[in-house]
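**Student:** Sharing a structure below in structure tokens format, with a few things to ask.
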Amino acid sequence: IFESFNVPDLYIAVHAVLALAASWTSRQVGGQTLTATVIDSGDGVTHVIAMAEGYLIGSCIKHIPVPGRDVTHFIPQLLRGREVEIPRKQSLETAKTIKEHYSYVCPDLLKEFNKYDADRSKWIKQYARINAISKKEFSIGVFSERFLGFEIFYSSRAGGLLVLQEFKTSPSNIARPCLYKNKNKTK
């Protein structure tokens, strides 16, 4: 196959390792270490993956029954709770865009709400699209949905306590502080 397609080199890596290395480009990441816990949430499944120095700890890969699709369905509920009007036919598309482009995981909900309350204009992102039916523009101020969407992973009502349980049962007392410090979500 290498000769047929003239491929001089090939590097195969685990998705979680690449996601962790990609997170180094974020300004929020302090150190460039490959020891962390990666939450890999796809549309149909979520895995919590413990890594030490770039190696997956195979016995610690856990399947969580809360997929990314649940986050996508949770965001419109949050928006409706704030009485934000979204065109019904575009609610899931809007939620998916908010999840993929504006969302993040926060370590402390109370601090995050206080930060937003102190200066709303600094933190609220505007999402604007054209209504597919009326052809008029609609705009949404994306507020707490930015960080509350992923709280479904940590909420006991959603079964998300399994994610926290996986953090607590990491394989090594030495690696555990590093695993907590370097949580990474993938989309």
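For the sequence shown, this note's numbering assigns the number 59 to the initial residue and increments by one for each residue that follows. Where is the CB? At the ideal position from N, CA and C, for every residue including glycine.
1. Locate the beta strand (DSSP E) running through Ser-197, then write down its first and last residues.
2. Do you know how far the Cα of His-73 is from the Cα of Val-65?
3. Note down the Cα distance separating Ala-94 from Glu-195, rounded to an integer number of angstroms.
4. Cα-Cα, which of Trp-82, Lys-169, Leu-168 and Thr-130 is closest to Tyr-160?
5. Work out the CA separation of Val-124 and Gly-102 for me, nearest whole Å.
6. Please classify Arg-140 as buried or exposed, where buried requires at least 16 other C-beta atoms within 10 Å of its C-beta.
7. Please list the segments of the alpha helix (DSSP H) lying wholly inside the stretch 156 to 183, counting only runs of 4 or more residues, in order along the chain.
8. Is Asp-67 buried or exposed, if buried means 16 or more other CB atoms sit within 10 Å of its CB?
9. What's the C-alpha gap between Gln-184 and Ser-117?
10. Let's test the definition: count the other Cβ atoms within 10 Å of the Cβ of Lys-193 and tell me whether it reaches 16, buried, or not, exposed.
11. Let me confirm a value: Arg-188 is counted as buried when at least 16 other C-beta atoms fall within 10 Å, else exposed. Which label applies?
12. For the alpha helix (DSSP H) that contains Val-129, what are its first and last residues?
13. What residues are listed by DSSP as bridge partners for Lys-120?
14. Go to Val-65, then tell me how far its alpha helix (DSSP H) extends in each direction, as first and last residue.
15. Based on Cα-Cα distance, which residue from Arg-127, Ala-79 and Ala-80 lies nearest to Phe-211?
16. Are the Cβ atoms of Lys-169 and Ile-133 separated by less than 7 Å?
17. How would you label Ala-153, buried or exposed, when you count the other beta carbons within 10 angstroms and need 16 or more for buried?
18. Helix, strand or coil for Thr-152? Go by DSSP, reduced to three states.
**Tutor:** On the basis of the data shown:
1. Translated into positions along the sequence shown, residue 197 becomes position 139. Taken as a continuous stretch (DSSP letters only), the beta strand (DSSP E) holding Ser-197 covers 195 to 200.
2. The residue labelled residue 65 in the question sits at position 7 within the sequence shown. The residue labelled residue 73 in the question sits at position 15 within the sequence shown. Going by the C-alpha atoms only, they are around 21 Å apart.
3. Working through the sequence shown from its first residue, we reach residue 94 at position 36. Working through the sequence shown from its first residue, we reach residue 195 at position 137. If I take the Cα positions, the gap works out to 42 Å.
4. Here the question's residue 160 lines up with position 102 in the sequence shown. If we check each option's Cα against that of Tyr-160, Thr-130 comes out closest.
5. Taking the sequence shown and counting its residues from 1, the one referred to as residue 102 is at position 44. Taking the sequence shown and counting its residues from 1, the one referred to as residue 124 is at position 66. Spanning the two alpha carbons is a distance of roughly 8 Å.
6. Here the question's residue 140 lines up with position 82 in the sequence shown. Answer is exposed; the Cβ neighbour count stays below 16.
7. 167 to 176 and 178 to 181
8. Your numbering for residue 67 matches position 9 in the sequence shown. Counting Cβ neighbours within 10 Å, Asp-67 comes out exposed, since fewer than 16 surround it.
9. Position 126 of the sequence shown, counting from 1, holds the residue named residue 184. Position 59 of the sequence shown, counting from 1, holds the residue named residue 117. The alpha-carbon atoms of Gln-184 and Ser-117 are separated by roughly 42 Å.
10. For this step, residue 193 is matched to residue 135 along the sequence shown. Per the 10 Å Cβ criterion, exposed.
11. For this step, residue 188 is matched to residue 130 along the sequence shown. Residue 188 is actually Ile in this sequence, not Arg. Label assigned to Ile-188: exposed.
12. Taking the sequence shown and counting its residues from 1, one reaches residue 129 at position 71. Counting along the chain, the alpha helix (DSSP H) containing Val-129 begins and ends at 126 to 139.
13. Stepping through the sequence shown from its first residue, residue 120 is reached at position 62. For Lys-120, which the question treats as bridged, DSSP gives the partners Val-106.
14. By 1-based counting over the sequence shown, the position of residue 65 is 7. Where Val-65 is concerned, there is no enclosing alpha helix (DSSP H), given that its DSSP letter is neither H nor E.
15. Start at 1 with the first residue of the sequence shown, and residue 211 comes out as number 153. Among Arg-127, Ala-79 and Ala-80, the Cα nearest to that of Phe-211 is on Arg-127.
16. Here residue 169 refers to the residue found at position 111 when the sequence shown is read from its first residue. Here residue 133 refers to the residue found at position 75 when the sequence shown is read from its first residue. Contact: no.
17. Taking the sequence shown and counting its residues from 1, the one referred to as residue 153 is at position 95. With 16 or more Cβ atoms within 10 Å of its Cβ, Ala-153 is classed as buried.
18. Counting from one through the sequence shown, the residue named residue 152 turns up at place 94. DSSP places Thr-152 in helix when its eight states are reduced to three.
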